[in-house]
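First comes the structure, then the notes that go with it.
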Amino acid sequence: MNIKSAIRVALAAAVAMVASVASADQPLKIGVSAGPLAQLLQLTAEAAKKKGLDVKVIEFTDWVTPNAAVFAGDLDANFFQHVTFLGQQNAARGFNLVPVDPAGVIVPVGLFSKKIKSLAEVKEGDKVAIPNEPLNGARALQLLEKAGLITLKPGKGINVTKQDVTENPKKLQLIELDAAQLYRALDDVTLAFVNLTYLIPAGGDPNSALISDRTPDERFVLRFVSRPEKKDDPRLKAFLEVFKSPANKEFVAAKLPAFIPVW
């Protein structure tokens, strides 16, 4: 190696070291869905601060911006999605984000109503609101099939769409809306498929679901996600150790009993 090459290597190493030190001095920035997940992360951040780790929790009300912010480097990680949704987002938006750790929570989903008390009361032509994105739209259709309201083409699994409805005896009107709008849509529709991350902040009762999906499926564990080069960030690893504490598990059991901790 000549002198110029050696100097370039030394400079590169020095820049990397400075960047690493600077990163360690910065607060860890984590995006999260507003509501119960944010409560859980705020509790974790408070516990982490007592251990000398500064964490900034940024709340979002949609499922698009948190990934874009991590990909752009504005956030170190986010916590709102499962790997199935992440895979679809990576493919659709050109991201390369990765799950950081197997730990997380499972958030049940369900069919809710302000107009009827049981599925037996669903009438012909009633309106049913479901998510307008492929994955949770598929989960909604599967739950409607489980409720006995529609029949789907077999074998499609999580890729099923409205076009795969083979029987709809009550001629239900399936209306696709943004996930954040579904709870509010209950004033205008008979049924809506609502994720508890939106239901609980809006004052809804998880126990009022006419039918719910609490399947402990690995595909639907909400996990921490980051860029590949941030996956082994010591600050993030330290935060995850605090997150996986018995105290957090007790908090979920006491304050978020509908959620299922996975750690």
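Heads up: the sequence shown runs through residues -24 to -1, 1 to 239, numbered per mature numbering (1 follows the signal peptide of the UniProt record, and there is no 0).
Ideal Cβ positions, reconstructed from N, Cα and C, are used throughout, including at glycine.
Subject >> Nearest neighbour of leucine 17, chosen from Glu205, Arg203, Ala234 and Leu198 [CA to CA] >> reply: For the purposes of this step, residue 17 is taken as residue 41 along the sequence shown, with counting starting at 1. The candidate whose alpha carbon is nearest that of leucine 17 is Leu198.
**OP:** Specify whether the region 65 to 82 and the region 149 to 162 touch according to this definition: at least 3 beta carbon pairs, one from each stretch, less than 8 Å apart.
**Re:** The answer is no - the region 149 to 162 does not touch the region 65 to 82, with fewer than three Cβ pairs under 8 Å.
Original post:
Where does serine 94 sit, in a helix, a strand or coil, going by DSSP?
Top reply: By 1-based counting over the sequence shown, the position of residue 94 is 118. Correct three-state label for serine 94: coil.
Original post:
Is glutamine 157 helix, strand or coil when you go by DSSP?
Top reply: By 1-based counting over the sequence shown, the position of residue 157 is 181. In this structure, glutamine 157 counts as helix in the three-state DSSP scheme.
Original post:
Rounded to whole angstroms, how far is the Cβ of leucine 4 from the Cβ of leucine 29, which I believe are closer than 8 Å?
Top reply: Working through the sequence shown from its first residue, we reach residue 4 at position 28. Working through the sequence shown from its first residue, we reach residue 29 at position 53. 7 Å between Cβ atoms; contact.
Original post:
Going by Cα to Cα distance, which pick from Leu117, Asp154 and Leu175 is closest to threonine 142?
Top reply: One-based indexing of the sequence shown puts residue 142 at position 166. Nearest C-alpha to threonine 142: Leu117.
Original post:
Which residues in the same chain as lysine 147 place their Cβ atom closer than 8 Å to its Cβ, once the five residues preceding and following it in sequence are excluded?
Top reply: Position 171 of the sequence shown holds residue 147. Around lysine 147: Glu100 and Gly101.
Subject >> Touching by the beta-carbon criterion (3+ pairs, under 8 Å), the region 110 to 126 and the region 219 to 226 >> reply: In this structure the region 110 to 126 does not lie against the region 219 to 226, because fewer than three pairs of beta carbons, one per stretch, are closer than 8 Å.
Original post:
Which value, in whole angstroms, describes the spacing of the CA atoms of valine 33 and asparagine 224?
Top reply: Start at 1 with the first residue of the sequence shown, and residue 33 comes out as number 57. Start at 1 with the first residue of the sequence shown, and residue 224 comes out as number 248. Cα-Cα distance, rounded: 16 Å.
Original post:
Among Lys132, Lys138 and Val98, which residue has its Cα nearest to the Cα of leucine 125?
Top reply: Here residue 125 refers to the residue found at position 149 when the sequence shown is read from its first residue. Of the listed residues, the one whose Cα sits closest to leucine 125 is Val98.
Original post:
Around the Cβ of asparagine 43, are there at least 16 other Cβ atoms within 10 angstroms (buried) or fewer (exposed)?
Top reply: Counted from its first residue, the sequence shown places residue 43 at position 67. Looking at its Cβ environment, which holds 16 or more other Cβ atoms inside 10 Å, asparagine 43 is buried.
Original post:
For asparagine 54, which three-state DSSP category applies?
Top reply: By 1-based counting over the sequence shown, the position of residue 54 is 78. In the structure shown, asparagine 54 sits in a strand (DSSP, three-state: E or B).
Original post:
Just to confirm, are valine 238 and leucine 62 a CB contact at a threshold of 8 Å?
Top reply: Looking up residue 238 in the sequence shown gives position 262. Looking up residue 62 in the sequence shown gives position 86. Going by C-beta atoms, valine 238 is not nearer than 8 Å to leucine 62.
**OP:** Keeping to the same chain, check which residues put their C-beta closer than 7 Å to that of proline 192; ignore five residues upstream and five downstream.
**Re:** Taking the first residue of the sequence shown as 1, we reach residue 192 at position 216. Closer than 7 Å at the Cβ level, and outside the excluded window around proline 192, lie Ile82 and Ile236.
Subject >> Exposed unless 16 or more other CB atoms sit within 10 angstroms - verdict on alanine -3 >> reply: Counting from one through the sequence shown, the residue named residue -3 turns up at place 22. Here the model assigns alanine -3 a pLDDT of 41, short of 50, so the residue's position is not dependable and the matter cannot be decided.
**OP:** With a 10 Å radius around its C-beta and 16 neighbouring C-beta atoms as the bar for buried, classify glycine 133 as buried or exposed.
**Re:** Taking the sequence shown and counting its residues from 1, the one referred to as residue 133 is at position 157. By the Cβ neighbour-count rule, glycine 133 is exposed, with fewer than 16 other Cβ atoms within 10 Å of its own.
**OP:** For alanine 155, verify whether its CB is less than 7 Å away from any heavy atom of the ligand ZN.
**Re:** The model on display carries no ligand, and the ligand ZN is accordingly not part of it.
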